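Undergrad: Protein chains in written order, with full-length UniProt numbering: chain A, 1 to 551; chain B, 1 to 321. Okay, handing you the structure first.
Written out as structure tokens, the structure reads:
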């Protein structure tokens, strides 16, 4: 037989060689790089390829996840948003003022804004949105949590709404900046869930044309758009005729389509592709880390062996994270030493707590009683191996991150700690968490502002939601921390708020409940033919209001 | 063609054959529905949470209760199972948890794309396999050895790998074809090739073997003695022999194409049954998984019946009449 089945290593080698060849070919081909002198023009349809999951409903009030936020940012707008400096600024709202006790807010809206169905944005519309979010039939999760403390809304003038609160909430405006709380046309909502899911009606620079499931959403320019976005490059409607928002789940295909010119911008590229693009100058790169929590590994403190603070610290001292990040992420991810994203102004960072130090790790493990070693070199105590369960969701983790976990596993082994990595699909992964069957876990969470700390570390969050999910995965139950987070969430004094959140973060970091890795990755690669990409919303999703093609 | 004659359809044997086929199909569909209904319940994960936008959603208790009631999940398992069978008997596939739309309607949108992909791939695989087999028959031993090697290699290529190589070659390096499936015919070329090449390798092996047998049989010897040319012998005699095992395998091949569609539709971002199955399983969308499995099973049964018919038509010794 002249040919035999290609063995896996040789197949991988062939694929690797081919991709290297193509990369080189791409670099040498004479495609002109668009410089500042290239002339921008109006019109054209932008083709966006998303690797995030296709939403099951385009109305971000229903459910409420990041893929919905990415899309909704094109056709819905929020009451507040963040400007280029990361400052919270009014958007659809004119102003919002709390009463002295924080139990009531007066919300004023801008004049002259209309939804794409022609109806006006007014106080009654915003009230209808809040009620829609709070209605169990809507099945909202993220947006529901954001407006949970609003007891009732009262229209006191066509452009003025009074919100009665069940408790003070100084994160309300941050909540209002999230796309899951974006404002939709009440007439659109009243069409019913199924219709509103397929084409929500908003005030954004684009509107939903049609949705071909598993293929694309066609977004059309809103010709009546007059209000500028937070940091506008121009006024009036968007330049683009529309956006074809395609769903291409396979990373390699997405990148190939971008290189072939079939699509103009992609999200979720692999780190090596970002590095190659940065180097070659063939593509532009937008790095927009998500707000809220950083990407981190949480240590389950509710059961052995991590119920012992010494073992938690020993684990953190034992593993080498930086080496893995440097080699696997090609300089596209910065090591984090904080519970919060680097774009959160109130984030507190402490590198000292995370210095890799094998000697200290060994001493701590000895003190905790893990002194013996078994035949494989793992530490044991009373004949039991120091073994950790680490369920990993393959749906939420890019290959580079899974490799990082494997490297962490390898360095932990040197310290005598066994890590059992279990690659699971999303549902099984949630199942493992709900069953408390984990010692280590890495879970994403996006929310604007430091209020996310309460969701992740307050003892209230160890109580599972009816779906079985709880967000405090390190299962910290610390009365002192609870008190700090409670007060930080309600104080009217910004300086006091900062002090309280800093104290709370110190407690969390010093307690060794988590191992921060890097910001939640939000990278975009796009054709150099595009200008004006990069204006982002409060949750770092791109907007294409100012985007143009160059001739 | 004996069985295709109009009169034979009224014969008791043919009627029994058709009834047997229908009975078999009903049994297969019932078995698939039952296996999936109980199989999915065994996997951890709350279906109500799946309805509420994924198991990680922090849906309120009221919302989950509403979802349970709306979808009948608050009833005992046996009742739910009987309700399912009742619905299926009425042809009602229910509503998808994740797409918030009737499964039947979604399937209606997805089936044509996947069937087009599968049927085209089957045709291309057939043409490639027959072409290669014929070529090797006419060109001596070395050609036969090379063809056999190519077939074995092709049959062993994993879809995922093949798709990546085809994209790199034809989209990136040469720039001839789009890497993403568009609605143009050009967008179909790479997905069809990805599915057809391994299948062609497999079919080719079988076809060439029976061609070889036919060409060395007593009939061929006699024909040669009558002065029949090799090409003529091949066209009039061996092709039919080669087609029989090919047709026989096509039912099986079609099933493998449907499973291959899971990979191919995901890689080339093509809407279809395979890609939907993957996402439906991930989010525990029970009605959707059920609908896709039933549609695939039905297609499989139909293709098996068709290949059976075609085989009987080509081979009178197996005729029903």
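We put the CB at the ideal spot given by N, CA and C, even for glycine. Remember, it's a predicted structure, so these values are computed and weren't measured experimentally.
Measure the C-alpha to C-alpha separation of residue 227/A and residue 88/A and round it to an integer number of angstroms.
TA: On the first chain, residue 227/A is found 227 positions in, with the first residue counted as 1. On the first chain, residue 88/A is found 88 positions in, with the first residue counted as 1. Approximately 18 Å between the Cα atoms of the pair.
Undergrad: For residue 541/A and chain B, any beta-carbon pair shorter than 8 Å?
TA: As a first step, residue 541/A is located in the first chain; it is residue number 541 there, counting from the start. For residue 541/A, the answer is no, since every Cβ of chain B falls outside 8 Å of its Cβ.
Undergrad: Give a yes or no on whether 8 Å exceeds the smallest Cβ distance from residue 528/A to chain B.
TA: In the first chain, counting from the first residue as 1, residue 528/A sits at position 528. By this cut-off, residue 528/A is not an interface position.
Undergrad: Any chance the region 204-224 of chain A sits against the region 237-247 of chain A, with 3 or more Cβ pairs inside 8 Å?
TA: Because the criterion of three Cβ pairs below 8 Å is met, the region 204-224 of chain A and the region 237-247 of chain A touch.
Undergrad: Have a look at the DSSP bridge pairing and note the partners of residue 441/A.
TA: Reading the first chain from its first residue, position 441 is the one you call residue 441/A. Its beta-bridge partners are 298/A.
Undergrad: Which residues does DSSP pair with residue 136/A in a beta bridge?
TA: Position 136 of the first chain holds residue 136/A. Beta-bridge pairing links residue 136/A to no other residue.
Undergrad: With three or more beta-carbon pairs closer than 8 Å as the criterion, would you say the region 247-255 of chain A touches the region 288-301 of chain A?
TA: The region 247-255 of chain A is not in contact with the region 288-301 of chain A.
Undergrad: Is there contact between the region 383-391 of chain A and the region 344-352 of chain A, where contact requires at least three CB pairs shorter than 8 Å?
TA: No: the two stretches stay apart, fewer than three of their Cβ pairs being nearer than 8 Å.
Undergrad: Name the residue from 457/A, 100/A, 463/A whose alpha carbon lies nearest to the alpha carbon of residue 484/A.
TA: Counted from its first residue, the first chain places residue 484/A at position 484. It is 457/A.
Undergrad: Quick check on residue 136/B: does DSSP put it in helix, strand or coil?
TA: Here residue 136/B refers to the residue found at position 136 when the second chain is read from its first residue. Helix at residue 136/B.
Undergrad: Distance, Cα to Cα, residue 36/A vs residue 258/A?
TA: Taking the first residue of the first chain as position 1, residue 36/A is located at position 36. Taking the first residue of the first chain as position 1, residue 258/A is located at position 258. For residue 36/A, the pLDDT reaches just 48, beneath the cut-off of 50, and the residue's location in the model is therefore unreliable, although a value from the coordinates is still provided. Those two C-alpha atoms are separated by around 22 Å.
Undergrad: Compare the C-alpha of residue 115/A against each of 271/A, 76/A, 101/A, 152/A and name the closest.
TA: Position 115 of the first chain holds residue 115/A. Comparing Cα positions, the closest option is 76/A.
Undergrad: Quick one: is residue 82/A buried, meaning 16 or more other Cβ sit within 10 Å of its Cβ, or exposed?
TA: As a first step, residue 82/A is located in the first chain; it is residue number 82 there, counting from the start. Label assigned to residue 82/A: buried.
Undergrad: Could you check the C-alpha separation between residue 462/A and residue 393/A for me, to the nearest Å?
TA: For the purposes of this step, residue 462/A is identified with residue 462 of the first chain, where counting begins at 1. For the purposes of this step, residue 393/A is identified with residue 393 of the first chain, where counting begins at 1. Roughly 20 Å between the two C-alpha positions.
Undergrad: Quick one, which residues of the region 417-433 of chain A are near chain B if we go by CB-CB under 9 Å, in chain order?
TA: Within the region 417-433 of chain A, the qualifying residues are 425, 426, 427, 428, 429, 430, 431, 432, 433.
Undergrad: When we look at the beta-carbon of residue 312/B and count the other beta-carbons within 10 Å, is it buried (16 or more) or exposed?
TA: For the purposes of this step, residue 312/B is taken as residue 312 along the second chain, with counting starting at 1. The residue is buried, with at least 16 neighbouring Cβ atoms inside 10 Å.
Undergrad: For residue 502/A, name the three-state secondary structure that DSSP assigns.
TA: The residue given as residue 502/A occupies position 502 in the first chain. Three-state result, residue 502/A: helix.
Undergrad: Is any beta-carbon of chain B found at less than 8 Å from that of residue 249/A?
TA: As a working note, residue 249/A is residue 249 in the first chain. Yes - at least one Cβ of chain B is within 8 Å of the one on residue 249/A.
Undergrad: Going along the chain, which residues of its own chain have a beta-carbon closer than 7 Å to the beta-carbon of residue 294/B, five neighbours each way excluded?
TA: Locating residue 294/B in the second chain gives position 294, where the first residue counts as 1. So the qualifying residues of the chain are 29, 32, 33.
Undergrad: Could you give the C-beta distance for residue 238/B and residue 253/B, rounded to a whole number, given that I count them as a contact under 8 Å?
TA: Residue numbering aside, residue 238/B sits at position 238 when the second chain is read from its first letter. Residue numbering aside, residue 253/B sits at position 253 when the second chain is read from its first letter. With a Cβ gap of about 21 Å, residue 238/B and residue 253/B do not count as contacting.
Undergrad: According to the Cβ coordinates, are residue 50/A and residue 70/A closer than 8 Å?
TA: Taking the first chain and counting its residues from 1, one reaches residue 50/A at position 50. Taking the first chain and counting its residues from 1, one reaches residue 70/A at position 70. In this structure, residue 70/A lies closer than 8 Å to residue 50/A by Cβ.
Undergrad: If you draw a straight line from the alpha carbon of residue 194/A to that of residue 74/B, how long is it in whole angstroms?
TA: As a working mapping, residue 194/A is identified with position 194 in the first chain. As a working mapping, residue 74/B is identified with position 74 in the second chain. Looking at the two C-alpha atoms, the distance is approximately 23 Å.
Undergrad: Grouping DSSP H, G and I as helix and E and B as strand, with all else coil, what is residue 285/A?
TA: Taking the first residue of the first chain as 1, we reach residue 285/A at position 285. Strand at residue 285/A.
Undergrad: Mind checking whether residue 322/A and residue 312/A have CB atoms under 8 Å apart?
TA: In the first chain, counting from the first residue as 1, residue 322/A sits at position 322. In the first chain, counting from the first residue as 1, residue 312/A sits at position 312. No, the pair does not count as a contact, with Cβ atoms beyond the cut-off.
Undergrad: Entirely within the region 358-392 of chain A and at least 4 residues each: give me those alpha helix (DSSP H) ranges in chain order.
TA: Qualifying alpha helix (DSSP H) stretches, in chain order: 358-367.
Undergrad: Checking 8 Å against the spacing of the C-beta atoms, do residue 249/B and residue 203/B come in under that value?
TA: Taking the second chain and counting its residues from 1, the one referred to as residue 249/B is at position 249. Taking the second chain and counting its residues from 1, the one referred to as residue 203/B is at position 203. Yes, Cβ-Cβ distance for residue 249/B and residue 203/B is below 8 Å.
Undergrad: Using only the alpha-carbon positions, how far apart do residue 488/A and residue 480/A sit?
TA: The residue labelled residue 488/A in the question sits at position 488 within the first chain. The residue labelled residue 480/A in the question sits at position 480 within the first chain. Rounded to whole angstroms, residue 488/A to residue 480/A spans 12 Å at the Cα level.
Undergrad: Looking only at DSSP bridge pairs, what is residue 246/A linked to?
TA: Mapped onto the first chain, residue 246/A falls at position 246. DSSP, once it has assigned bridges, lists 49/A, 216/A as partnering residue 246/A.
Undergrad: Where do the N-terminal and C-terminal ends of the beta strand (DSSP E) with residue 422/A fall, by residue?
TA: Residue mapping note: residue 422/A aligns to position 422 of the first chain, counting from 1. Per DSSP, residue 422/A belongs to the beta strand (DSSP E) from 418-424.
Undergrad: Measuring alpha carbon to alpha carbon, tell me which residue in 125/A, 199/A, 163/A, 245/A is nearest residue 183/A.
TA: Here residue 183/A corresponds to residue number 183 of the first chain, with the count starting at 1. When each option's Cα is compared against that of residue 183/A, the closest is 125/A.
Undergrad: Could you tell me the boundaries of the alpha helix (DSSP H) in which residue 113/A lies?
TA: Looking up residue 113/A in the first chain gives position 113. Run containing residue 113/A: none; DSSP gives neither H nor E here.
Undergrad: Need the endpoints of the beta strand (DSSP E) that residue 539/A sits in, please.
TA: Taking the first residue of the first chain as position 1, residue 539/A is located at position 539. Run containing residue 539/A: none; DSSP gives neither H nor E here.
Undergrad: Give the straight-line distance between the Cα atoms of residue 280/B and residue 352/A, rounded to the nearest whole angstrom.
TA: For the purposes of this step, residue 280/B is taken as residue 280 along the second chain, with counting starting at 1. For the purposes of this step, residue 352/A is taken as residue 352 along the first chain, with counting starting at 1. Taking the straight line from one Cα to the other gives about 45 Å.
Undergrad: Within the continuous beta strand (DSSP E) that includes residue 548/A, where are the two ends?
TA: Walking along the first chain from the start, residue 548/A turns up at place 548. Counting along the chain, the beta strand (DSSP E) containing residue 548/A begins and ends at 548-550.
Undergrad: Comparing alpha-carbon positions, which option in 288/B, 299/B, 310/B lies nearest residue 36/B?
TA: Numbered from its first residue, the second chain carries residue 36/B at position 36. Selected option, being the one with the closest Cα: 288/B.
Undergrad: Find out if the Cβ-Cβ distance for the pair residue 46/A, residue 547/A is shorter than 8 Å.
TA: As a position in the first chain, residue 46/A is number 46, starting the count at 1. As a position in the first chain, residue 547/A is number 547, starting the count at 1. Yes, they are a contact pair.
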